[in-house]
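Residue numbers (the working numbering): 1 to 285.
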């Protein structure tokens, strides 16, 4: 199967990572973002990922140059998606924003383009309901850091076309990922499980059960997790974790999804994790 042309909307942490792995897999990639400063920063990050791959012996200099040529930034959304076979949205976790974006994409992208959202918690059916042809809208949920994480969560909904599911699974495998298929439900499989562990770890910090470092070490060494839940929360972004927790708490009405005070306080202070330099940990560089 030939590599499809991919448009990625949103050049933040997830968007630039998705663009990078798609280009590595041989796809021509168009990356777009409504923020003027986001595209240059994202392209610089992709350049850094390529340099690291060369240093580790994963790519040759010629391969790096070829991958770099396959990624282009387009400030205009219409130009970015005009000839895409797959459009992947990776913007802010806000249902209204995503619905408005998908309505715009539906008019600008080819009629046979697969329209995918990288949402980690919002209803795929609700996003798909914003367009005239919901059969081609699907959830393709990547994990951070995208280039290192093997899992992709494919999220279905009742009005999804069977061909769209097959295309999404094939794309995930082309990108070197291992897909799982889950139905559209609050938090899907991964966010629902992951957020529970993260929120409970935060409550343990509030209660003084153990230090941040020791709580993380308990899961890393005792349960063989590659990263503890608090460090992972910092990496994902505490604002993102808060938004997911609030969404799940509202949808499921279960107390374990209530965001703890420590999470709300950190987000209010701008302590968002790695991207702000401080969260549960202090991050340098």
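The beta carbon of each residue, even a glycine, is placed where N, CA and C say it ideally should be.
Quick one: grab the DSSP three-state call for residue i.
i           : result
residue 72  : strand
residue 96  : helix
residue 67  : helix
residue 6   : strand
residue 269 : coil
residue 13  : helix
residue 45  : helix
residue 162 : helix
residue 147 : coil
residue 30  : strand
residue 139 : strand
My understanding is that residue i touches residue j, with C-beta atoms under 8 Å, so please give their C-beta distance in whole angstroms.
i           : j           : result
residue 146 : residue 14  : 7 Å
residue 50  : residue 11  : So it is not a contact: roughly 16 Å between Cβ atoms.
residue 54  : residue 64  : 5 Å
residue 219 : residue 260 : Going by Cβ atoms, the distance from residue 219 to residue 260 rounds to 17 Å, so no, they are not a contact pair.
residue 78  : residue 108 : 4 Å
residue 140 : residue 172 : 7 Å
Just mark residue i as buried or exposed, buried being the case when its beta carbon has 16 or more other beta carbons within 10 Å.
i           : result
residue 211 : exposed
residue 183 : exposed
residue 223 : exposed
residue 162 : exposed
residue 136 : buried
residue 198 : buried
residue 16  : buried
residue 216 : buried
residue 170 : exposed
residue 239 : buried
residue 166 : exposed
residue 33  : buried
residue 106 : buried
Taking residue i as part of the beta strand (DSSP E), name the residues at either end of that continuous run.
i           : result
residue 303 : With the chain represented from 1 up to 285, any question about residue 303 goes unanswered, as that position is not in the structure.
residue 87  : 86–89
residue 157 : It is not in any beta strand (DSSP E) - residue 157 carries neither H nor E in the DSSP assignment.
Please indicate yes or no: does the CB of residue i lie closer than 8 Å to some heavy atom of the ligand ATP?
i          : result
residue 34 : For the ligand ATP, the structure offers nothing, since it holds no ligand at all.
With the cut-off set at 9 Å, would you say residue i and residue j are in Cβ contact?
i           : j           : result
residue 287 : residue 80  : The requested residue 287 does not occur in the structure, where the chain is confined to residues 1 to 285.
residue 98  : residue 119 : yes
residue 138 : residue 101 : no
residue 233 : residue 186 : no
residue 175 : residue 21  : yes
residue 23  : residue 86  : no
residue 189 : residue 153 : yes
Grab the span of the alpha helix (DSSP H) containing residue i for me, first residue to last.
i           : result
residue 116 : It is not in any alpha helix (DSSP H) - residue 116 instead sits in the beta strand (DSSP E) that spans 114–117.
residue 286 : This structure leaves residue 286 out entirely; the chain is present only between 1 and 285.
residue 78  : 77–81
residue 60  : Residue 60 -> no alpha helix (DSSP H), and no H or E assigned at all.
residue 222 : 212–222
residue 240 : 238–252
residue 126 : 124–128
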